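For the record, in the sequence shown the residue sitting at position 303 is 303 according to the UniProt record's numbering, with numbers rising by one throughout. Heads up, the beta-carbon is just placed ideally off N, CA and C, and yes, glycines get one too. Fair warning: this is a prediction, and the values are worked out from it, not measured in the lab.
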Amino acid sequence: MRESVVLGGAGFAGLYRPVCEGSAREVLNTAWQYGIRAFDTAPHYGAGLSEERLGRFLRERDRADFTISTKVGRLLYDDPDAVDGVDGFYGTPKRSRRRDYSAEGVRRSVEQSLARLGLDRVDRLLIHDPEDHMEKALAEAVPELERLRAQGVTGGIGLGVNDVGVALRFVREAAIDHLLIAGRYTLLDRRAETELLPECARRGVRVLVAGVFNSGVLADPVRRGTFDYRAADPAVIDRARALEQLCADHGVPLRAVALQFPARHPAVAAVVLGAGTAAEVTDSLAMLNIAVPQRLWDELSERALW
């Protein structure tokens, strides 16, 4: 079982392109066959499609054999006028999202998620993207999650975010167990390194790192030149290409180095894979198994390419 690898649920729920049921099933089957038993999803991913697909897949497995996290902060409601492609998700159900970080909103969100997943509990509940709702989330969402944790509805609570400042505040002010930080501890963006990761280590917060390719540029600087979900600036592409060349000089792919980099920090417990196809799952796991020379890690630091 790969406890240090988590399969993220956005890719097989239509992120950037529609994904049919069969393809999504293939992604999950491939991950399972390779030993992945930890999954991260959210109502936001595909307007509930990720949770529904993951739930159908996991109903055939023993509950003791996997761990799963989902998120709160966005409530879903049926909407016949919903537009396809909202927030980058395609081929999704006719539903819209509404931000809600109140205690009642958290309870409703968890009830709906459990129904979509077909479960009576989850292992982690994370507050999702509360940047513009921090006071409400700290005052209401966190205490409600603490109650759900005490009731056994979840084994741990935390935050899923891509903003280091927001993450620091929650780590310092709330008794969270987990932090999922996306895109901020990568070869190109190490903003989490200075304060956030050391703070998590001091407080015993388990860190999951997502977005290790910064939405594409570190997977393929030329053909997938996106950084943080938008077209990458030429300077960013140049840095990524320089990293790619340095890795090639040492005989390893850039993808391997990007995927393995986060786990080098002692505060990081797991890397979240954003794979949306079975081939991407297979490739990511192959990259994680490639030996990266220590000299390359040293040169990456010495040459300040990141």
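Checking the sheet assignment: what are the DSSP bridge partners for residue i?
i, result
"Leu273", "Leu7"
"Asp62", "BP columns for Asp62 are empty, so no partner."
"Ile157", "Leu125"
"Lys94", "DSSP lists no partner for Lys94."
"Asp78", "Arg95"
"Phe227", "Arg230"
"Phe57", "DSSP, once it has assigned bridges, lists no residue as partnering Phe57."
Would you report the Cα separation of residue i and residue j, rounded to the nearest angstrom?
i, j, result
"Leu236", "Asp120", "The sequence shown places Val at residue 236, rather than the Leu named in the question. For Val236 and Asp120, the distance between alpha carbons rounds to 44 Å."
"Trp306", "Gln151", "Only weak support exists for where Trp306 lies, its pLDDT of 48 falling under 50; the value from the coordinates is given anyway. If I take the Cα positions, the gap works out to 44 Å."
"Ser301", "Arg255", "17 Å"
"Thr41", "Phe213", "19 Å"
"Tyr16", "Gly46", "10 Å"
"Thr70", "Val122", "7 Å"
"Arg202", "Asp81", "48 Å"
"Asp189", "Asp129", "19 Å"
"Met1", "Thr30", "Interpretation of Met1 is limited by its pLDDT of 48, a score under 50 that renders its predicted location unreliable; no figure is taken from the coordinates."
"Asp177", "Arg37", "19 Å"
"Ala279", "Arg206", "29 Å"
"Pro293", "His250", "7 Å"
"Val164", "His133", "15 Å"
"Ala248", "Ala175", "43 Å"
"Leu180", "Leu126", "8 Å"
Quick one: what does DSSP say residue i is sitting in, helix, strand or coil?
i, result
"His133", "helix"
"Gly105", "helix"
"Leu267", "Sequence inspection shows Ala at residue 267; the Leu mentioned does not correspond to that position. The answer is coil: DSSP assigns Ala267 none of H, G, I, E or B."
"Phe261", "coil"
"Ala174", "coil"
"Phe39", "strand"
"Ile181", "strand"
"Ala201", "helix"
"Phe213", "coil"
"Val142", "helix"
"Ala219", "coil"
"Ala291", "coil"
"Leu15", "strand"
"Ala186", "Contrary to the premise, residue 186 reads as Thr rather than Ala in this sequence. Coil at Thr186, not helix or strand."
"Thr70", "strand"
"Leu208", "strand"
Where does residue i land, buried or exposed, given buried means 16+ other C-beta within 10 angstroms?
i, result
"Lys94", "exposed"
"Gln260", "buried"
"Ala64", "exposed"
"Thr194", "exposed"
"Gly22", "exposed"
"Ser4", "exposed"
Considering only the alpha carbon of each residue, which of the options lies closest to residue i?
i, options, result
"Glu244", "Val217, Arg206 and Ala270", "Val217"
"Glu131", "Gly160, Arg147 and Ala103", "Gly160"
"Glu173", "Pro143, Val207 and Leu58", "Pro143"
"Ala210", "Tyr185, Arg191, Leu197 and Met134", "Tyr185"
"Asp238", "Arg25, Pro221, Arg230 and Arg53", "Pro221"
"Leu7", "Val252, Val27, Asp228 and Val268", "Val27"
Could you tell me whether any non-hydrogen atom of the ligand COA is closer than 7 Å to the CB of residue i?
i, result
"Leu114", "In the structure shown, the ligand COA is absent, as is every other ligand, since no ligand is present at all."
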